[in-house]
Amino acid sequence: MGIGTVHHIAWRAENEEDLKAWLDYVREKGFRTSDVRDRKYFKSIYFREKGGILYEIATDDPGFAVDEDKDSLGINLMLPPQYEHMREDLEESLPPIK
Numbered sequence: 002m003g004i005g006t007v008h009h010i011a012w013r014a015e016n017e018e019d020l021k022a023w024l025d026y027v028r029e030k031g032f033r034t035s036d037v038r039d040r041k042y043f044k045s046i047y048f049r050e051k052g053g054i055l056y057e058i059a060t061d062d063p064g065f066a067v068d069e070d071k072d073s074l075g076i077n078l079m080l081p082p083q084y085e086h087m088r089e090d091l092e093e094s095l096p097p098i099k
């Protein structure tokens, strides 16, 4: 990727029911889509337009309080399972938050 490129554009869906309605709509319009992907903090679908731009529609739920109390959000680095193996490298590369 270089300057002036777009990786993807994301929109929100209020909940899983809304996401399913969007999935049906996008498929009815002839787009090939991913299945619903569980990203731990939200669920999403993906599809590409003819020019190659990747679109995502993601739910608000369950949100970032799924694995920690709302009052302690941001104190610890919480990672989805698929990134846990990268924890040490991520912690070393992130600047401290003060």
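The sequence shown begins at 2 in the numbering used here and counts up by one.
No residue lacks a Cβ here, since even glycine has one placed at the ideal position from N, Cα and C.
Spatial distance of residue i from residue j (CA atoms)
i, j, result
"R13", "V37", "14 Å"
"A11", "K30", "18 Å"
"K41", "G5", "30 Å"
"L95", "F43", "23 Å"
"E93", "F32", "40 Å"
"S35", "F48", "7 Å"
"D19", "M87", "32 Å"
Counted within 10 angstroms of its Cβ, other Cβ atoms place residue i as buried (16 or more) or exposed
i, result
"I98", "exposed"
"Y84", "exposed"
Distance between beta carbons of residue j and residue i, contact taken as under 8 Å
i, j, result
"L55", "F65", "Their Cβ separation, rounded to whole angstroms, is 23 Å, which puts L55 and F65 out of contact at 8 Å."
Pick out the complete alpha helix (DSSP H) segments inside the stretch 20-46, 4 residues or longer, and give them in chain order.
Segments of the alpha helix (DSSP H) lying fully in the stretch 20-46: there are none.
Within the chosen definition, does the stretch 67-74 reach the stretch 20-35 through at least 3 CB pairs nearer than 8 Å?
Too few Cβ pairs lie closer than 8 Å, so no.
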